[in-house]
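First comes the structure, then the notes that go with it.
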Amino acid sequence: MIGIGLLTGATTVLFGFGGGFVAVPVVVWADAALGADAMRVATATSALVMVVNAGFATAVTPRRVLGALRGSGGLLLLLAVGAAVGALATRLAPAPLVRWAFVGYVALTIVDLLLRPGFLRPRAPVETAPAAPRPLPALLGAPIGAVAAFLGVGGSVMTVPAARRAGHPMRVATALANPLTLAIALPATAVSLVGAALPTAGGAHPHLVGLVDLGAAAALLVGALPVIAVLRRRPPRIPDRLYARAYVGLLALVAVAMLFSGA
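Every letter in the sequence shown is one number past the one before it in the numbering used here, and letter 66, counting from 1, is 240.
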């Protein structure tokens with residue numbers, strides 16, 4: 175689990191994934207003894223991991239990059255409202271539905287990125303793009319937040335492609351994904367922590383607080399936080415097109431991992 179945490183730290187900095195897409199399949203596997211409820215625990219635990227990872231990554235992001243979100247208060251508020259609704263829906267929805275929605279969402283995203291122009295094949299050279307991507311329209315906040323919290327994925331898979339298709343470089347689009355993920359993960363985590371733990375014949379699961387597996391979250395964060403600190407201080411120089419292809423490749427690996435997670 176700590177080793178996977180190292181990976182989530184890298185994906186937080188390089189791809190804007192605060193941990194959700196990587197953490198969900200792993201926590202489903204680690205908590206397979208919970209049966210169908212493992213998916214609910216995974217999405218809740220993922221939200222807590224994203225709060226810490228995305229919050230730390232945001233704190234060490236240059237202020238000039240975060241300046242692109244100036245005036246986005248309405249977007250952030252609606253992201254949070256949508257996330258609270260999505261986290262509540264996860265509690266009520268059948269666990270298999272959440273799992274297959276996760277796989278289907280990732281698969282559709284991969285198809286969209288491969289076939290629709292603007293992501294792998296930018297319309298304009300990234301060198302001519304503005305310094306930071308324009309904020310998303312505020313009205314998109316509620317649906318993005320709801321879907322992201324329901325699946326435990328954070329929202330970067332919606333925001334990064336949108337910024338990329340506007341002609342912005344991957345390094346800027348992924349950096350801005352972290353504060354947007356934080357706005358989603360905070361209310362989702364609050365909803366997951368305050369609810370009742372899963373019942374069993376012998377009582378509540380001792381390693382759960384609400385629906386959050388604190389042991390798994392702690393192990394993931396032990397691995398992730400040092401990596402975030404190092405990569406933010408010394409970010410790797412990756413050619414933009416290779417960067418975009420790696421983003422799609424990571425999504426494909428996550429979809430495969432989820433299919434074989436045994437949930």
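Built from N, CA and C at the ideal position, the CB exists for glycine as well.
If you draw a straight line from the Cα of L382 to the Cα of A357, it comes to about 23 Å. Residue ranges of uninterrupted alpha helix (DSSP H) with 4 or more members, entirely inside the stretch 201-287 and ordered along the chain, are 212-233, 237-240 and 247-266. Apart from sequence neighbours up to five positions away, the residues of its chain that approach T235 with a beta-carbon distance below 6 Å are A349, ordered along the chain.
Per DSSP, the beta bridge partners of D387 are L382. If you look at I412, you'll find it isn't in any alpha helix (DSSP H); DSSP assigns it neither H nor E.
Less than 8 Å separates the beta-carbon of G190 from that of V334.
In the structure shown, the three-state DSSP call for M432 is helix. With fewer than 16 other beta carbons inside 10 angstroms of its own, V368 counts as exposed. One alpha carbon belongs to V187, the other to H342, and they sit about 17 Å apart. Shortest Cα-Cα distance from A218 to any of P400, Y421 and L360 involves L360. Between the C-alpha atoms of L243 and L252 there is a straight-line separation of about 14 Å.
Of all alpha-carbon atoms in A210, M224, L208 and G209, the one lying nearest the alpha-carbon of A197 is that of M224. Put simply, of G245, G389 and L427 the residue whose alpha carbon is nearest the alpha carbon of P311 is G245.
Within a 10 Å sphere around the beta-carbon of L354 sit 16 or more other beta-carbons, which makes this residue buried. A straight line joining the alpha-carbon of L240 with that of R406 spans about 14 Å.
Minimum Cα-Cα distance from I412 among the listed residues F293, L249 and M344 corresponds to M344. Comparing alpha-carbon positions, the option among M432, F434, V428 and V422 lying closest to L289 turns out to be V422.
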